[in-house]
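Participant:
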């Protein structure tokens, strides 16, 4: 009996030994903790700085630009002389125009002396009036003469039958006849006189017209000269103004960003000479996908980082999301709709200039002090997200509800508590109940 | 006279058939392994050489960024160069409708008209291009088979920003791609997702905008030329065209894997068969010795009858020879059968158009010679002792052994507690130390083999687990055609299902430590990388240095540097700066020989602010397909690899390649353990027939008698197991060191469970062997023995 017992015991020990050694080996894993802290939903994109106000100082007048003494990066104060356009040609123009004006003014004076005087015209008018009066008198006289002629004709006709009847003497008839003829001659003479009078009127009228025409000719000439003077005066004024502007001054204090025309040369008006801007007043433009931009609102916090800033992270604020998107071929070669987003930030002392490459991170949502777990500790299984919680050196599958994530960690809404230990990157080597073995902690960052 | 002896030989063979079979099997195992390995070795070597020669494999490969075709004339003039050929090689993506991710392809240009070209094509179907080959493609056979694509089908290919269907006009294999991997980083081919294909020169030129230009040069060199010098000249000549360095055939990825396999086989062909044959010799030695000694009287009688000493010795040697011959024949047949099976596997594994299976007469002769030699050696010793005896002396029974106190009996307290059966067992073992030792050695070998087999499984598993769970923590990797800026990272983060994305940058460099140089790529990672675990020897995560390098163990070994040394880094891209950087850590990685640095540092070397050549992703599995589909349409994407697939491919390949060899190894171990124990027990049974008979007479039960025999086996097994475990561990350790190529290393892992498994396996073999012997014991009438007078 005892032998049996012993054998059973031995068998049990062997079986136990086999079981002990054959049980699954612990899987080496990195362990991480559920911590409390901030999780932010952010969107990163490349951006570039731009000055808020850029002053492009251009040549106000055409002319020979004298050498610009400024260099890119020089600071200028408001009203500081930036460039000078040689004023000499303008000054001589002024003199030239002034002398032209004077010459024309003389000529106007000359025109005044040759003009018909007012008395001459008046005389012509009076003459014309006189002629008309004379005509009227002559016509009145003619009426009388016609009446007389008619009377004489009637006398003659009365006498003619009487004479046949010899009731009157032939002398009487002759007299009557003579009288009628004379009356007619007088009328005819009067008609001639009237014709002359009429001609006189025409002459007087013509004379006046000639005088009047001559007067308006001289007026016009004078007007032309006056206009010329006006034009010259105007250009004189503009040239004088130009002359005043040949000294170009800074419209605002700032830094010279670019010197477009440096050497002495002729420039047309409007040619840009230097760009000036206040480098302490920068903003950032970043081109976000329209899908992302739709979630952005002015006032959102933005972080600015990148190689240009070293380890620094600047704070900024979303100023504006432009309302219209544009098409752009992405870095990976597809067409996308992008929206320009403008970020406001304080550029003082950052060393950033205009058009510098920076990275921006728009913070869509940020939660302070929430439970969070590293992204790598969470995994999806069909219906939801899970994590392996380490309990007594064993992995226990736990279902978790997650909130926002930032690519590194994720907010834990439920399922885990602070300081719970989780398996990082479990992959399929870890299952529910798998024994685990912690890898040594990471080397301390130097 | 002669016939008498031969008749006796036959009888001897028949009476000892079970034991003989066991020995023949052991010898057969040895010969089989030798023949298998040598035949496969020569088969694979011959196949490779024939394939390479027939399809004119290039000797030197020189990729450049872009060079005018006329540069070929310059290269041709380099002394030592025999033939030069230029081509246009581009990575493209292929949209296979039933696969949710883009497949990667590499197009190489070949002349519009078929002709003698370097790295020629073995057409398995279809024909060469028609006309100038516009929108026509010759597809790799493997990929076509994988997706059941036929000549005449269309293949949707995204080339140079444009997706267009290409008509498959031909299907071919190429000596350049016997092992179809994308690049140095890949280890296991993914035939479903990666392929090579060939486009006509005219079409390549127009579609990639490479009119009269090339970006890859193939060359063969004169037999007498020094390849290294030729390469140096080529590099010098091509530097202005953005050459990242020409390389020889021996460094060509596909060829390297093939050669590694051949070399590995050559190495093991020298070891494994010797082990088996050695054990066979041991066992044969014991058996022959026992046989000769038991026939001591007969030998004396023969001698008395006037047979010469030589005749008697020859008689016994004939037995040995026969056993050896039988073993060799069975072994050779078995070996050839294995070798043909392996040949078929190789033809598939390495994409070969043909496999030259030759019956390697050398191997068979070698097997025969070795097996017969060992058998003779085993027999000779015993026979010589007998033959030296005087016939008269021989006729007398052998003097009983001196039954003095054995080692065990000196440990009094222990001895006193033992039953008589245990005492018998221990005494017997202690009195025949040589035989016990030999049996123990056999068991030890068997144990070691089993342990070693389980080690290979474990090592592979540990390698995959470490590499793909602890080191590479991404779910997917997206490789770009060209280097991209940070905006690519932002863009990838927007693809569906992407939970996190991290950039990677590979920069071609030459690392130099004095005279030791190595061309490789430095992998740039963000300093706060979460998707790549940089683990040092103690599995501790180390942080990337701001201004320094980390090397994987394999690379550190090649360059002969340790942590703290300084390396010269010659960048082979951009302005080609030369820098000097410290090695801040040596990483314990198993796959590949890599160097790591901060991605920002690498970007600066290229005079870029932040560039990447690929992106690692964590992917929500729910959106995996959606992501794959989205990536299909990105012109910048050259390849997408999902880790799950890689891991699966690794596991599958491991299973495929190991299952057979492991089964064979286990079978061999079983044969050894069984053969050794069975023979020992049978000898014991024969030698101690009188003792056992006596036990029965004095009233011991059949079981108790059996226990004495089984006990002996058990003691021998235990004696063999202990050194066997040590030996197995040592063997595994040696392999982990010896198998450390630049492509991969095996970690040394030894779990107690493996030891338990191997012990259990050996115990099972021992139990089977003993069961057979005990059955024999039950059948035979032991008491009969007592009746004979000696």
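Chains as they are written, first to last, in my numbering: chain A, 1 to 446; chain B, 447 to 1236. A virtual CB, placed ideally from N, CA and C, is assigned to each residue, including glycine. All values derive from a computational prediction rather than experimental measurement.
How about residue 49 of chain A and residue 358 of chain A: are their beta carbons less than 8 Å apart?
Facilitator: Your numbering for residue 49 of chain A matches position 49 in the first chain. Your numbering for residue 358 of chain A matches position 358 in the first chain. Contact flag set, yes.
Participant: Whole beta strand (DSSP E) runs in the segment 392-430 of chain A with 3 or more residues, listed along the chain?
Facilitator: Runs of the beta strand (DSSP E) inside the segment 392-430 of chain A: 394-405, 409-414 and 421-424.
Participant: Below 8 Å, how does it come out for the segment 678-695 of chain B and the segment 594-609 of chain B: are there three or more Cβ pairs, yes or no?
Facilitator: Because the criterion of three Cβ pairs below 8 Å is not met, the segment 678-695 of chain B and the segment 594-609 of chain B do not touch.
Participant: For residue 122 of chain A, count neighbouring C-beta atoms within 10 Å of its own C-beta (all shown protein chains included) and say buried if the count is 16 or more, exposed if not.
Facilitator: Translated into the one-based positions of the first chain, residue 122 of chain A becomes position 122. Residue 122 of chain A is exposed by the Cβ-count criterion.
Participant: Measuring CB to CB, does residue 197 of chain A end up less than 8 Å from residue 135 of chain A?
Facilitator: In the first chain, counting from the first residue as 1, residue 197 of chain A sits at position 197. In the first chain, counting from the first residue as 1, residue 135 of chain A sits at position 135. Their beta carbons are under 8 Å apart, which means residue 197 of chain A touches residue 135 of chain A by this criterion.
Participant: From which residue to which residue does the beta strand (DSSP E) around residue 284 of chain A run?
Facilitator: Translated into the one-based positions of the first chain, residue 284 of chain A becomes position 284. Note, residue 284 of chain A: beta strand (DSSP E), 282-289.
Participant: Report yes or no: is there a C-beta of chain A within less than 8 Å of the C-beta of residue 1010 of chain B?
Facilitator: Residue mapping note: residue 1010 of chain B aligns to position 564 of the second chain, counting from 1. For residue 1010 of chain B, the answer is no, since every Cβ of chain A falls outside 8 Å of its Cβ.
Participant: What residue range is occupied by the uninterrupted alpha helix (DSSP H) comprising residue 757 of chain B?
Facilitator: Residue numbering aside, residue 757 of chain B sits at position 311 when the second chain is read from its first letter. Residues 755-795.
Participant: Pull up the distance between the alpha-carbon of residue 946 of chain B and that of residue 47 of chain A, whole angstroms please.
Facilitator: In the second chain, residue 946 of chain B corresponds to position 500, counting from 1. In the first chain, residue 47 of chain A corresponds to position 47, counting from 1. Computed Cα separation, rounded: 21 Å.
Participant: From residue 861 of chain B to residue 869 of chain B, what does the alpha carbon distance come to, in whole angstroms?
Facilitator: The sequence position of residue 861 of chain B within the second chain is 415, counting from 1. The sequence position of residue 869 of chain B within the second chain is 423, counting from 1. Approximately 7 Å, taken between the alpha carbons.
Participant: Short of 7 Å Cβ to Cβ, which residues in the segment 36-65 of chain A face chain B?
Facilitator: Listed by position along the chain: 44, 45 and 46.
Participant: Chain B partners of residue 334 of chain A, CB-CB under 8 Å?
Facilitator: Taking the first residue of the first chain as position 1, residue 334 of chain A is located at position 334. What residue 334 of chain A touches in chain B: 1079, 1080 and 1081.
Participant: For residue 971 of chain B and chain A, any beta-carbon pair shorter than 8 Å?
Facilitator: Numbered from 1 along the second chain, position 525 holds the residue referred to as residue 971 of chain B. Output row for residue 971 of chain B: interface = no.
Participant: According to the neighbour-count rule (16 or more other Cβ atoms, all chains shown, within 10 Å of its Cβ), is residue 519 of chain B buried or exposed?
Facilitator: Counted from its first residue, the second chain places residue 519 of chain B at position 73. Its Cβ having fewer than 16 others within 10 Å, residue 519 of chain B is exposed.
Participant: Would you list the residues sitting across from residue 693 of chain B in a DSSP beta bridge?
Facilitator: By 1-based counting over the second chain, the position of residue 693 of chain B is 247. According to DSSP, residue 693 of chain B bridges with B:507.
Participant: Check each residue of the segment 647-665 of chain B: if its Cβ is closer than 7 Å to any Cβ of chain A, include it; give the result in chain order.
Facilitator: Within the segment 647-665 of chain B, no residue has a Cβ that lies closer than 7 Å to any Cβ of chain A.
Participant: With a 10 Å radius around its C-beta and 16 neighbouring C-beta atoms as the bar for buried, classify residue 1236 of chain B as buried or exposed.
Facilitator: For the purposes of this step, residue 1236 of chain B is identified with residue 790 of the second chain, where counting begins at 1. With a pLDDT of 47 at residue 1236 of chain B, under the threshold of 50, the modelled position of this residue cannot be trusted, and the question is left open.
Participant: For residue 1013 of chain B, which beta-bridge partners are listed by DSSP?
Facilitator: Here residue 1013 of chain B refers to the residue found at position 567 of the second chain. Note: residue 1013 of chain B sits in a beta bridge opposite B:1027.
Participant: At least one CB of chain B closer than 8 Å to the CB of residue 359 of chain A: is that the case?
Facilitator: Along the first chain, read from residue 1 onward, the residue named residue 359 of chain A stands at position 359. Closer than 8 Å to some Cβ of chain B, the Cβ of residue 359 of chain A qualifies, so yes.
Participant: Which residues does DSSP list as the beta-bridge partners of residue 550 of chain B?
Facilitator: Here residue 550 of chain B refers to the residue found at position 104 of the second chain. Partner(s): B:539 and B:640.
Participant: Which residues does DSSP pair with residue 317 of chain A in a beta bridge?
Facilitator: Residue mapping note: residue 317 of chain A aligns to position 317 of the first chain, counting from 1. Partner(s): A:301 and A:344.
Participant: Can you check the segment 668-719 of chain B for any alpha helix (DSSP H) of at least 4 residues that lies completely inside it and give the ranges in chain order?
Facilitator: You should have 673-684.
Participant: Please list the partners that residue 945 of chain B has in chain A, where partner means a Cβ-to-Cβ separation under 8 Å.
Facilitator: The sequence position of residue 945 of chain B within the second chain is 499, counting from 1. Those within 8 Å of residue 945 of chain B in chain A are 375, 405 and 407.
Participant: By alpha-carbon positions, which one of B:812, B:627, B:803 and B:1037 ends up nearest to residue 489 of chain B?
Facilitator: The residue given as residue 489 of chain B occupies position 43 in the second chain. Measuring from the Cα of residue 489 of chain B, the nearest candidate turns out to be B:803.
Participant: How far does the alpha helix (DSSP H) with residue 975 of chain B in it reach, from first residue to last?
Facilitator: For the purposes of this step, residue 975 of chain B is taken as the residue at position 529 of the second chain. Residue 975 of chain B -> no alpha helix (DSSP H), and no H or E assigned at all.
Participant: DSSP state of residue 661 of chain B, grouped into three classes?
Facilitator: Taking the second chain and counting its residues from 1, one reaches residue 661 of chain B at position 215. The answer is strand: DSSP assigns residue 661 of chain B an E or B state.
Participant: Roughly how many whole angstroms lie between the Cα atoms of residue 667 of chain B and residue 388 of chain A?
Facilitator: By 1-based counting over the second chain, the position of residue 667 of chain B is 221. By 1-based counting over the first chain, the position of residue 388 of chain A is 388. Approximately 59 Å, taken between the alpha carbons.
Participant: Under a CB-based cut-off of 8 Å, is residue 1060 of chain B close to chain A?
Facilitator: Here residue 1060 of chain B corresponds to residue number 614 of the second chain, with the count starting at 1. False, the Cβ-Cβ gap to chain A never drops below 8 Å.
Participant: For residue 379 of chain A, which residues does DSSP report across the bridge?
Facilitator: Against the first chain, residue 379 of chain A aligns to sequence position 379. DSSP output for residue 379 of chain A lists A:386 as bridge partner(s).
Participant: Does the segment 1184-1204 of chain B touch the segment 11-25 of chain A, meaning 3 or more C-beta pairs lie closer than 8 Å?
Facilitator: Yes, they touch.
Participant: Which residues in chain B sit within 8 Å of residue 18 of chain A, going by Cβ to Cβ distance?
Facilitator: Counting from 1 along the first chain, the entry for residue 18 of chain A is found at position 18. 1202 and 1206, listed in chain order.
Participant: On the three-state DSSP scale, how would you describe residue 271 of chain A?
Facilitator: For the purposes of this step, residue 271 of chain A is taken as the residue at position 271 of the first chain. Residue 271 of chain A: coil per DSSP, three-state reduction.
Participant: Answer with buried or exposed for residue 639 of chain B, where buried requires no fewer than 16 other C-beta atoms within 10 angstroms of its C-beta.
Facilitator: For the purposes of this step, residue 639 of chain B is taken as residue 193 along the second chain, with counting starting at 1. Classification of residue 639 of chain B: buried, given that the 10 Å Cβ count is 16 or more.
Participant: Going by C-alpha distance, which of B:745, B:1074, B:1187 and B:1017 is nearest residue 691 of chain B?
Facilitator: Counting from one through the second chain, the residue named residue 691 of chain B turns up at place 245. Comparing Cα-Cα distances from residue 691 of chain B to each of B:745, B:1074, B:1187 and B:1017, the minimum goes to B:1017.
Participant: Quick check: what's the CA-CA separation for residue 445 of chain A versus residue 981 of chain B?
Facilitator: By 1-based counting over the first chain, the position of residue 445 of chain A is 445. By 1-based counting over the second chain, the position of residue 981 of chain B is 535. In this predicted model, residue 445 of chain A has a pLDDT of only 48, less than 50, meaning its place in the structure is not dependable enough to derive any value.
Participant: How big is the Cα-Cα spacing for residue 887 of chain B and residue 1166 of chain B?
Facilitator: Working through the second chain from its first residue, we reach residue 887 of chain B at position 441. Working through the second chain from its first residue, we reach residue 1166 of chain B at position 720. Rounded to the nearest angstrom, the two C-alpha atoms are 6 Å apart.
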